[in-house]
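For reference, the structure is listed below as structure tokens.
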Amino acid sequence: MSFSSRKSSRRFSEEPAMDGIRIHAVDLQDARRRADKQRADAPELPVLLDIEVLIDRDIHAAFAALDGVPSGHALRYIGTPRGLAGLIADVQRLGIADGVVLKPLAGSPVTDLMLEELAPGLCA
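Counting with our numbering, you get residues 2 to 125 for the letters of the sequence shown.
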């Protein structure tokens, strides 16, 4: 799943031929450094930040589902759909990346939970 804030007719996916540069980082400060370097090298291409994600309706359930998931060296978000939406908004607001690529961990139903928990608020 990917989200992008850059207005363009480009379509983003996880396919190797996608039109953008994906970066992997350990935290947001590292992401900013890597994104700045990529923008200096190829300013015409959007920068997409990979985020490993495990969400559930409550934070305790999300952390419980983390048991057995190997630790990684990538930026990770464990928590609720609202918290993830806040992180994505911060990445965009702070100009860290032009979009994000969400990589679900442990079969986390990221798409379903984001739609169930956040979409009703968009209609209000």
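Virtual Cβ for every residue (Gly too), placed ideally from N, Cα, C.
Since the structure is predicted, the reported quantities are computational estimates derived from the model, not experimental observations.
Residue i versus residue j: straight-line alpha-carbon distance, rounded
| i | j | result |
| --- | --- | --- |
| Leu103 | Asp68 | 20 Å |
| Asp51 | Ala32 | 9 Å |
| Gln93 | Gly87 | 10 Å |
| Ile89 | Ala41 | 23 Å |
| Ala127 | Arg58 | Given a span of 2 to 125 for the chain in the structure shown, any question on residue 127 remains unanswerable. |
| Ala43 | Val101 | 18 Å |
| Ser72 | Ser109 | 16 Å |
| Val54 | Asp91 | 16 Å |
Proximity of residue i and residue j at Cβ, strictly below 9 Å
| i | j | result |
| --- | --- | --- |
| Leu29 | Leu76 | yes |
| Val70 | Leu106 | yes |
| Ile79 | Ile97 | no |
| Met115 | Leu95 | no |
7 Å CB neighbourhood of residue i in its chain, flanking five on each side removed
| i | result |
| --- | --- |
| Glu117 | none |
| Ala65 | none |
| Ile60 | Gly80 and Thr81 |
Residue i burial status per 10 Å Cβ neighbour count (16 or more: buried)
| i | result |
| --- | --- |
| Ala62 | exposed |
| Glu45 | exposed |
Beta-carbon proximity list for residue i, same chain, < 8 Å, skipping 5 on both sides
| i | result |
| --- | --- |
| Val27 | His74, Ala75 and Leu76 |
| Phe39 | The amino acid occupying residue 39 in the given sequence is Gln; Phe does not appear at that position. The answer, listed in chain order, is Ile22, Ile24, Leu46 and Val48. |
| Arg83 | Glu118 and Leu119 |
Cβ-based neighbour list, residue i, same chain, cut-off 6 Å, excluding 5 preceding and 5 following
| i | result |
| --- | --- |
| His25 | Asp51 and Ala75 |
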